[in-house]
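As structure tokens, the structure follows; a few thoughts come after it.
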Amino acid sequence: MKVLAVANQKGGVGKTSTTVNLGAGLALAGHRVLVVDLDPQAQAGTALGVNLSGEDQLARSLGWALQARMQNMRIDLPTIMFNRGELLEDWDGGGTLHLLAGEESTMSAAQDLIHKKGYQATPVLRRMLMEIEDAFDFVVIDTPPAVSSLAATALAAADHVLTVCYPEYSTLKGAVAIRGTVGYVKDRTGGECDPQYLGAVLNRSSAPSMMKAQEVNIRNGVIEAGLYPFVTDIRKDDRISGSYAYGEPAVLRFANHAPGKQYARLMGEVLTRIDQPVEKWETPEPIATGASDE
Ligand SMILES: Nc1ncnc2c1ncn2[C@@H]1O[C@H](COP(=O)(O)OP(=O)(O)O)[C@@H](O)[C@H]1O
Ligand SMILES: [Mg+2]
Numbered sequence: 001m002k003v004l005a006v007a008n009q010k011g012g013v014g015k016t017s018t019t020v021n022l023g024a025g026l027a028l029a030g031h032r033v034l035v036v037d038l039d040p041q042a043q044a045g046t047a048l049g050v051n052l053s054g055e056d057q058l059a060r061s062l063g064w065a066l067q068a069r070m071q072n073m074r075i076d077l078p079t080i081m082f083n084r085g086e087l088l089e090d091w092d093g094g095g096t097l098h099l100l101a102g103e104e105s106t107m108s109a110a111q112d113l114i115h116k117k118g119y120q121a122t123p124v125l126r127r128m129l130m131e132i133e134d135a136f137d138f139v140v141i142d143t144p145p146a147v148s149s150l151a152a153t154a155l156a157a158a159d160h161v162l163t164v165c166y167p168e169y170s171t172l173k174g175a176v177a178i179r180g181t182v183g184y185v186k187d188r189t190g191g192e193c194d195p196q197y198l199g200a201v202l203n204r205s206s207a208p209s210m211m212k213a214q215e216v217n218i219r220n221g222v223i224e225a226g227l228y229p230f231v232t233d234i235r236k237d238d239r240i241s242g243s244y245a246y247g248e249p250a251v252l253r254f255a256n257h258a259p260g261k262q263y264a265r266l267m268g269e270v271l272t273r274i275d276q277p278v279e280k281w282e283t284p285e286p287i288a289t290g291a292s293d294e
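Under full-length UniProt numbering, the final residue of the sequence shown carries the number 294; numbering is consecutive throughout.
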């Protein structure tokens, strides 16, 4: 099992979109996938068609499970997972798709509890996932847009960390910060957790011929900052945002259209990098500045 976390302290960059589309894309390609929603806003659940409400549903929330686990209760994760296999029923690739769903009040309470206990508590999710490591090929974790104990918990759980940028400077800064934080996790968890940085997804990009100077600068900035962007970027596309409302990721709803193809290519690059040393990672060439104007 490989655990991927998608992180950036900045909100609205496309973490949730990337998480659910990579997760669903991996399932479509035949893998056994678990999407984990660690953001109190619980949007990954929404994007996969699950919204928790009511008492009995809260008992199935990941926030509740994290709290219980920190109070030394035994938690059987498979009993609270949501099987989202129905999203794959038009395909028979042999993959599976499950979700550990979040909910705001329970996840915020879990966040407070982890915060109080400090860094030594951050491996809690990793320990829970390791108990089910034979059941899944990939876990993809969606994270909150903040420097928080939950974000630290997500990084601690991960084998590989992806960040996401879109054409705005603050997203580049947020990505650089994540890259730095990933490097501290091993020390902060006493060697128990050791995530590796895997690269930056360039999201909401324009076609090269339509790129304005700022987008070119940020794109080149991502390369210069050592963030290792993937060659495949994800274009700005209403089909990606629109798919949220349907609870069906664009990679499935528009599998044979541009969004589906881009996410499939990105997934291929992610899988290749996981197996390669950083020296072999393919990155895009910088774009010559001056070639495009406002
Ligand atoms: N490539 C894209 N094209 C168009 N809209 C996008 C794209 N990526 C994300 N969005 C939209 O932008 C908003 C923020 O994306 P989201 O994935 O929720 O970001 P985050 O999880 O980082 O806050 C959402 O409404 C989403 O549907
Ligand atoms: Mg999000």
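Cβ coordinates follow ideal geometry from the N, Cα and C atoms, glycine included.
Terminal residues of the alpha helix (DSSP H) in which Arg188 lies | Tyr169 to Arg188
Boundaries (first-last residue) of the alpha helix (DSSP H) holding Ile223 = Ala213 to Glu224
Would you please state the rounded distance, in angstroms, between the beta carbons of Cys165 and Ala200? I believe it to be under 8 Å.
-> 5 Å
Beta carbon of Asp233 nearer than 8 Å to that of Leu202 = yes
Would Met128 be called buried (16 or more neighbouring beta carbons within 10 Å of its own) or exposed?
-> buried
Neighbourhood of Asn83 by C-beta, 7 Å cutoff - its chain only, sequence neighbours within 5 removed = His98
Between Gln262 and ligand 2, is the CB less than 7 Å from at least one heavy atom?
-> no
Cα-Cα separation between Pro167 and Gln41, rounded to whole angstroms | 23 Å
Limits of the unbroken alpha helix (DSSP H) element including Lys280 = Run containing Lys280: none; DSSP gives neither H nor E here.
Where does Arg204 fall in DSSP's three states?
-> strand
Mind reading off the beta-carbon distance from Pro249 to Val3? Whole number of angstroms is fine, and I expect it under 8 Å.
-> Incorrect: roughly 19 Å between the Cβ atoms, too far for contact.
So Ala24 and Leu252 are in contact, right, with Cβ under 8 Å, and what is the actual spacing, rounded?
-> 5 Å
Since I believe Ser61 is in contact with Thr106 (beta carbons under 8 Å), could you give me their beta-carbon distance rounded to a whole number of angstroms?
-> 4 Å
Taking 7 Å as the cut-off, is the CB of Lys173 close to at least one heavy atom of ligand 1?
-> no
Return yes when at least one heavy atom of ligand 2 lies under 7 Å from the C-beta of Lys10, else no.
-> no
Who are the near neighbours of Gly260 in its chain, counting only those whose CB is closer than 7 Å to its CB and skipping five residues on each side?
-> Ala250, Val251 and Phe254
Distance, Cα to Cα, Asp159 vs His115?
-> 22 Å
Once you ignore the five residues that flank Ala225 on each side, which residues in its own chain have a CB closer than 6 Å to its CB?
-> Val176
Rounded separation between residue 306 and Glu133 - CA only | The question about residue 306 has no answer, for the chain in this structure spans 1 to 294.
Does any heavy atom of ligand 1 sit closer than 7 Å to the C-beta of Asp37?
-> no
For the putative contact between Ala156 and Thr122, defined by C-beta atoms under 8 Å, what is the C-beta separation to the nearest angstrom?
-> 4 Å
Would the beta-carbon of Gln41 be found less than 7 Å away from any heavy atom of ligand 2?
-> yes
For the alpha helix (DSSP H) that Asp112 lies in, which residues bound it at each end?
-> Glu104 to Lys117
Pairing CB atoms from the region 181-189 with CB atoms from the region 25-45, are three or more of them under 8 Å?
-> no
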